[in-house]
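Chemist: One structure is given below, represented as structure tokens, and several questions about it will come after.
Numbering (our numbering), first residue to last: 41 to 417.
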């Protein structure tokens with residue numbers, strides 16, 4: 041029952057931390073544009089170390105031994121003990137390098153350090169204190185594959201970039217358990233020691249620096265050629281094996297020192313810069329050009345018509361002016377003939393009437409010189 045309550049507490053703490061880690065940031069990205077980046081990843085881990093019960097049983101045995109040695113009730117009251125924690129809680133740290141070999145797909149290699157020290161103090165019948173402890177230490181090496189999920193597949197209301205990661209672990213020398221009673225080193229198999237899965241969220245980004253929050257589970261199972269009885273009293277007489285994995289919350293801070301150029305958003309550029317020309321649409325421009333060409337042709341035809349009509353009008357004016365000139369010439373010749381006749385008539389002596397109008401005041405009539413007869417005739 042106590043083990044179940046510890047797991048429930050671990051799960052609740054994980055959810056609380058993940059909710060705070062998934063806080064929205066001002067800048068959201070559709071893609072992580074880093075090609076090569078380095079990262080540091082502190083984390084909180086609840087280690088699945090079930091073999092802690094061996095150490096608690098050892099402490100209980102020592103405590104009951106101190107009570108058995110007590111002679112008086114006062115000495116019995118002096119005997120006291122502390123119990124080991126029900127949950128192995130520690131803060132692993134990891135560092136590594138990440139490579140984006142394809143858009144939204146990453147390969148990472150990293151190395152970590154796990155350290156969890158648990159200690160208790162017991163008091164004997166003479167009020168003497170005795171300290172007992174055990175320490176879990178691990179140096180895991182891992183390869184990780186991370187896939188960034190498209191925003192239209194999974195997202196929060198404020199946007200952001202989710203990712204899924206899987207890891208494979210190896211353990212290096214230095215992975216061990218050492219206690220008050222002895223030391224236990226772990227084997228380092230070439231095929232690896234376990235796996236891990238996690239769900240990550242890119243919740244903050246500043247230029248080339250990015251912060252991911254991950255929540256997941258890993259299993260790092262190790263074993264030794266020695267037995268637990270070598271490091272804890274009354275331990276089992278079999279080869280020791282334990283697990284350094286469990287529920288884990290991670291904050292990864294990565295810095296991209298080689299990045300892809302960020303794509304430009306044409307819509308944002310058009311909105312920001314009002315002076316920029318709108319996008320060119322070839323189909324519409326072709327239509328516009330054809331309309332322009334048709335209008336030019338129509339204008340040319342109209343100008344040609346205007347020029348032709350102008351020429352026609354000029355010819356008509358010239359013809360009418362020629363007719364007028366000929367008519368004027370005929371009238372002038374008539375005037376000349378009439379004036380000659382009048383002059384010939386007016387030169388006869390004594391025949392000029394008093395009220396005869398001047399030649400210029402006489403009405404203009406077309407007189408045929410053949411019909412005019414002089415007095416002499």
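The beta-carbon is built from N, C-alpha and C at its ideal position, and this holds for glycine as well.
Are at least three pairs of beta-carbons, each pair with one atom in the region 207-218 and one in the region 170-186, less than 8 Å apart?
Modeler: The region 207-218, when compared against the region 170-186, does touch it at the 8 Å Cβ threshold.
Chemist: For residue 175, which option in 295, 282, 286, 288 has the closest C-alpha, if you only look at C-alpha atoms?
Modeler: Taking the chain shown and counting its residues from 1, one reaches residue 175 at position 135. Among 295, 282, 286, 288, the Cα nearest to that of residue 175 belongs to 282.
Chemist: Taking its Cβ as the centre, do 16 or more other Cβ atoms sit within 10 Å of residue 123, making it buried, or is it exposed?
Modeler: For the purposes of this step, residue 123 is taken as residue 83 along the chain shown, with counting starting at 1. By the neighbour-count rule (16 or more Cβ atoms within 10 Å), residue 123 is not buried but exposed.
Chemist: Buried or exposed, going by whether 16 or more other CB atoms sit within 10 Å of the CB of residue 243?
Modeler: On the chain shown, position 203 is the one that residue 243 refers to. Classification for residue 243: buried.
Chemist: Give me whichever residues DSSP pairs with residue 170 in a beta bridge.
Modeler: For this step, residue 170 is matched to residue 130 along the chain shown. The partner list for residue 170 (beta bridge, DSSP) reads 162.
Chemist: Using CA coordinates, which residue listed in 121, 113, 82, 277 is at the minimum distance from residue 100?
Modeler: Counted from its first residue, the chain shown places residue 100 at position 60. Checked all of 121, 113, 82, 277; the closest Cα to residue 100 is 121.
Chemist: Opposite residue 219 in the DSSP bridges: which residues?
Modeler: Indexing the chain shown from 1 puts residue 219 at position 179. DSSP lists 174 as partners of residue 219.
Chemist: Note down, in chain order, each residue of its chain lying with its Cβ closer than 8 Å to the Cβ of residue 133, except the 5 sequence neighbours on either side.
Modeler: Stepping through the chain shown from its first residue, residue 133 is reached at position 93. Closer than 8 Å at Cβ, skipping near neighbours: 80, 81, 82, 83, 152, 153.
Chemist: Grab me the residues of residue 391's own chain with a C-beta within less than 6 Å of its C-beta, minus the 5 sequence neighbours each way, in chain order.
Modeler: As a first step, residue 391 must be located in the chain shown, where it is residue number 351. Per-residue confidence for residue 391 stands at a pLDDT of 46, beneath the threshold of 50, marking its modelled position as unreliable; the derived number appears in the next sentence. Cβ within range, chain order: n/a, list empty.
Chemist: Within 10 angstroms of the Cβ of residue 111, are there 16 or more other Cβ atoms? Answer buried if so, exposed if not.
Modeler: Taking the chain shown and counting its residues from 1, the one referred to as residue 111 is at position 71. Residue 111 is exposed by the Cβ-count criterion.
Chemist: Bridge partners of residue 93, per DSSP?
Modeler: In the chain shown, residue 93 corresponds to position 53, counting from 1. Answer is none; residue 93 lacks a bridge partner.
Chemist: Please state whether DSSP places residue 239 in a helix, a strand or coil.
Modeler: Here residue 239 corresponds to residue number 199 of the chain shown, with the count starting at 1. Reduced to three states, the DSSP call for residue 239 is strand.
Chemist: So what does residue 265 bridge to, in DSSP terms?
Modeler: For this step, residue 265 is matched to residue 225 along the chain shown. Beta-bridge pairing links residue 265 to no other residue.
Chemist: Does the distance from the C-beta atom of residue 276 to that of residue 98 stay below 7 Å?
Modeler: Residue mapping note: residue 276 aligns to position 236 of the chain shown, counting from 1. Residue mapping note: residue 98 aligns to position 58 of the chain shown, counting from 1. Going by C-beta atoms, residue 276 is not nearer than 7 Å to residue 98.
Chemist: Pick from 251, 271, 109: whose alpha carbon is nearest that of residue 221?
Modeler: Reading the chain shown from its first residue, position 181 is the one you call residue 221. Answer by Cα proximity: 271.
Chemist: For residue 120, report the span of its beta strand (DSSP E) as first-last.
Modeler: Locating residue 120 in the chain shown gives position 80, where the first residue counts as 1. From DSSP, residue 120 is part of no beta strand (DSSP E); its letter is neither H nor E.
Chemist: Using 10 angstroms around the beta-carbon of residue 250, count the other beta-carbons present and answer buried if the total reaches 16, otherwise exposed.
Modeler: As a working mapping, residue 250 is identified with position 210 in the chain shown. That one is buried.
Chemist: Going by C-alpha to C-alpha distance, which of 227, 232, 165, 245 sits closest to residue 117?
Modeler: By 1-based counting over the chain shown, the position of residue 117 is 77. That would be 165, whose Cα lies nearest to the Cα of residue 117.
Chemist: Contact check, residue 204 vs residue 147 under 8 Å by CB: the rounded distance?
Modeler: Mapped onto the chain shown, residue 204 falls at position 164. Mapped onto the chain shown, residue 147 falls at position 107. No, residue 204 and residue 147 are not in contact; Cβ-Cβ is about 14 Å, not under 8 Å.
Chemist: What's the call for residue 233, buried or exposed, on a 16-neighbour Cβ count within 10 Å?
Modeler: For the purposes of this step, residue 233 is taken as the residue at position 193 of the chain shown. So residue 233 ends up on the buried side.
Chemist: Is residue 109 buried or exposed, if buried means 16 or more other CB atoms sit within 10 Å of its CB?
Modeler: For the purposes of this step, residue 109 is taken as residue 69 along the chain shown, with counting starting at 1. Exposed, by the Cβ-count rule.
Chemist: Within the continuous beta strand (DSSP E) that includes residue 79, where are the two ends?
Modeler: Locating residue 79 in the chain shown gives position 39, counting from the first residue. Note, residue 79: beta strand (DSSP E), 74-87.
Chemist: Short check: CB of residue 236 to CB of residue 258, under 7 Å?
Modeler: Numbered from its first residue, the chain shown carries residue 236 at position 196. Numbered from its first residue, the chain shown carries residue 258 at position 218. Yes.
Chemist: Would you check whether the ligand GTP has a heavy atom nearer than 6 Å to the C-beta of residue 134?
Modeler: Absence of the ligand GTP is noted for the structure shown, with no ligands found whatsoever.
Chemist: In the DSSP assignment, the beta strand (DSSP E) including residue 201 goes from what residue to what residue?
Modeler: Looking up residue 201 in the chain shown gives position 161. Element bounds for residue 201: 201-211.
Chemist: Between which two residues does the beta strand (DSSP E) holding residue 230 run?
Modeler: Position 190 of the chain shown, counted from the first residue, corresponds to residue 230. Looking at the DSSP string, residue 230 is not in any beta strand (DSSP E), and its letter there is neither H nor E.
Chemist: So which of 300, 189, 180, 171 has the shortest CA-CA distance to residue 261?
Modeler: Working through the chain shown from its first residue, we reach residue 261 at position 221. When only C-alpha atoms are compared, the closest one is 180.
Chemist: When the distance is taken between beta carbons, is residue 169 closer than 7 Å to residue 161?
Modeler: Locating residue 161 in the chain shown gives position 121, where the first residue counts as 1. Locating residue 169 in the chain shown gives position 129, where the first residue counts as 1. Yes, these two residues count as a Cβ contact at 7 Å.
Chemist: Alpha carbons only, please: which of 136, 167, 141, 95 is nearest the one belonging to residue 158?
Modeler: Taking the chain shown and counting its residues from 1, one reaches residue 158 at position 118. Closest option to residue 158, Cα to Cα, is 95.
Chemist: To the nearest angstrom, how far is the alpha carbon of residue 91 from that of residue 216?
Modeler: To locate residue 91, count along the chain shown from 1; it is residue 51. To locate residue 216, count along the chain shown from 1; it is residue 176. Distance between the alpha carbons of residue 91 and residue 216 is about 14 Å.
Chemist: Going by DSSP, what residue range makes up the beta strand (DSSP E) through residue 271?
Modeler: Locating residue 271 in the chain shown gives position 231, where the first residue counts as 1. First-last for residue 271: undefined, no H or E at that position.
Chemist: Distance, Cα to Cα, residue 87 vs residue 131?
Modeler: Taking the first residue of the chain shown as position 1, residue 87 is located at position 47. Taking the first residue of the chain shown as position 1, residue 131 is located at position 91. Cα to Cα, the separation comes out at about 10 Å.
Chemist: For my contact list, residue 137 and residue 300 are in at a C-beta cut-off of 8 Å; report their separation, rounded to the angstrom.
Modeler: One-based indexing of the chain shown puts residue 137 at position 97. One-based indexing of the chain shown puts residue 300 at position 260. No, residue 137 and residue 300 are not in contact; Cβ-Cβ is about 17 Å, not under 8 Å.
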